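Colleague: Once you've had a glance at the structure underneath, I'll fire off some questions.
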Amino acid sequence: MTVHAHPDDESSKGAATMAKYVAEGVQVLVATCTGGERGSVLNPKMDRPEVLADITNIRRAEMDRAREILGVEQAWLGFVDSGLPEGDPLPPLPEGCFGLQDPEEAAKPLIKLIREFRPHVMTTYDENGGYPHPDHIMCHKISVVAFEKAGDPELYPELGEPWQPSKLYYNSGWTRARMLALHEGMLAAGLESPYTEWLEKWADRDDRGDKITTRVECGEYFEVRDDALRAHATQVDPDGFWFHIPLEMQQKVWPTEDFELARSLVDSPVPESDLFAGIREKVDAH
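Letter by letter, the sequence shown follows residues 22 to 307 in my numbering.
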């Protein structure tokens, strides 16, 4: 089970890993916390009045298409997008939005989903949300609460039979090592790198590269990932930044998606190459 804040997050964070496991016969469920109702239209080709007027339904349809491409199941947790506040000082979040929920209460729909789907592995964001969007931070909070409480038979019997996932991972985003490897690969091939300016400013960025425990080889599914990402047409410009590095370059230079093992109830020495390390052995033994 992967837990994400908005439709499109599932396709930009760990999507190739999901596609790989689906191809291996693993059931994968994406839990989407909000409908992305307050997300900006980031693709200029879709920045039209009729799109903005129907953004909720359009983003749901985009999610349906991405789900089909990835071969996963998907469920909505039903919270309302907080939007990304901008300004100094930051304005207050909208009343009733996901970012203002009590994590203990907001975790209940996720606990119910965990008890129904019964995942062995969960993935979500780190405590900073991957980046400091209020919905990403709340997504982290409810994921941790749900992981810790879904297996407790004393809690919330109305939400179903207890089920305890074995491992919880945080998606690893852009580390400096990954960006530098792709940057140098582009330059070595005589191509212009889109990361020059980013790397120059990297000193101001949080880098969790030293926290990575698990690298999943999934380069052959990068094309599936990109197709799923393009399905979110309101959020992703097909001619934009995401697609400046040739697929073959990515597969050669950095063919993994990377994760931080945050909680584990099985014996799985790190570094790992499989999110199910320590679980396959345990399941097979039964």
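For every residue, glycine included, the Cβ atom is placed at its ideal position computed from N, Cα and C. These numbers were taken from a predicted model, which means no experiment stands behind them.
What are the partner residues of Tyr191, as DSSP defines its beta bridges?
Modeller: Note: Tyr191 sits in a beta bridge opposite Thr145 and Glu281.
Colleague: Identify which residue in Tyr216, Lys188, Thr255 and Ile266 has its Cα closest to the Cα of Ala298.
Modeller: Checking every option, the nearest Cα to that of Ala298 belongs to Lys188.
Colleague: Roughly how many angstroms separate the alpha carbons of Asp9 and Ala36, rounded to a whole number?
Modeller: In the structure displayed, the chain extends from 22 to 307; residue 9 sits before or after that span and is not available.
Colleague: Can you tell me which residues form a DSSP beta bridge with Trp97?
Modeller: DSSP, once it has assigned bridges, lists Thr53 as partnering Trp97.
Colleague: Using the three-state DSSP reduction, which class does Glu213 fall into: helix, strand or coil?
Modeller: Here Glu213 sits in coil by DSSP.
Colleague: Is the CB-CB distance between Thr38 and Cys239 below 9 Å?
Modeller: Cβ distance < 9 Å, so Thr38 and Cys239 count as in contact.
Colleague: Is the separation between the beta-carbon of Leu180 and that of Ala52 shorter than 9 Å?
Modeller: The answer is no: Cβ separation not under 9 Å.
Colleague: For Glu238, which residues does DSSP report across the bridge?
Modeller: Paired residues: Thr277.
Colleague: Measuring straight from C-alpha to C-alpha, what distance separates Asn64 and His265?
Modeller: The straight-line gap from Cα to Cα measures roughly 15 Å.
Colleague: So, do the region 112-124 and the region 273-292 have three or more beta carbon pairs nearer to each other than 8 Å?
Modeller: The region 112-124, when compared against the region 273-292, does not touch it at the 8 Å Cβ threshold.
Colleague: Quick one: what's Glu293 bridged to in DSSP?
Modeller: Partner(s): Thr235.
Colleague: Identify whether His154 lies in helix, strand or coil by the three-state DSSP scheme.
Modeller: Three-state result, His154: coil.
Colleague: Going by C-alpha to C-alpha distance, which of His157, Ile132, Tyr152 and Asp68 sits closest to Pro28?
Modeller: Checked all of His157, Ile132, Tyr152 and Asp68; the closest Cα to Pro28 is His157.
Colleague: Please report the straight-line C-alpha distance between Gly172 and Val287, rounded to a whole angstrom.
Modeller: Cα to Cα, the separation comes out at about 15 Å.
Colleague: Can you name, in chain order, every residue of its own chain whose Cβ lies under 6 Å from the Cβ of Gly99, other than the five neighbours on each side?
Modeller: There are no such residues.
Colleague: So what's His25 in DSSP terms, helix, strand or just coil?
Modeller: Of the three classes helix, strand and coil, the one that applies to His25 here is strand, per DSSP.
Colleague: For the alpha helix (DSSP H) holding Ser103, just list the boundary residues, first then last.
Modeller: Where Ser103 is concerned, there is no enclosing alpha helix (DSSP H), given that its DSSP letter is neither H nor E.
Colleague: Quick check: Lys66 and Ala254, are their CB atoms within less than 9 Å of each other?
Modeller: In contact: Lys66 and Ala254 (Cβ atoms closer than 9 Å).
Colleague: Are the CB atoms of Glu148 and Gln95 within a distance shorter than 9 Å?
Modeller: No, the pair does not count as a contact, with Cβ atoms beyond the cut-off.
Colleague: Exposed or buried, Asp102, counting other C-beta atoms within 10 Å across all chains shown (16 or more means buried)?
Modeller: Buried is the call here.
Colleague: Could you tell me the boundaries of the alpha helix (DSSP H) in which Val287 lies?
Modeller: It is not in any alpha helix (DSSP H) - Val287 carries neither H nor E in the DSSP assignment.
Colleague: Given this structure, state the Cα-to-Cα distance separating Pro183 from Ser285, to the nearest angstrom.
Modeller: Distance between the alpha carbons of Pro183 and Ser285 is about 17 Å.
Colleague: Mind checking whether Leu203 and Ser214 have CB atoms under 9 Å apart?
Modeller: Yes, they are a contact pair.
Colleague: Can you tell me the Cα-Cα spacing of Arg136 and Arg197, whole angstroms?
Modeller: Answer to the nearest angstrom: the Cα atoms are 37 Å apart.
Colleague: Is it true that the CB of Lys34 sits closer than 9 Å to the CB of Val237?
Modeller: Going by C-beta atoms, Val237 is not nearer than 9 Å to Lys34.
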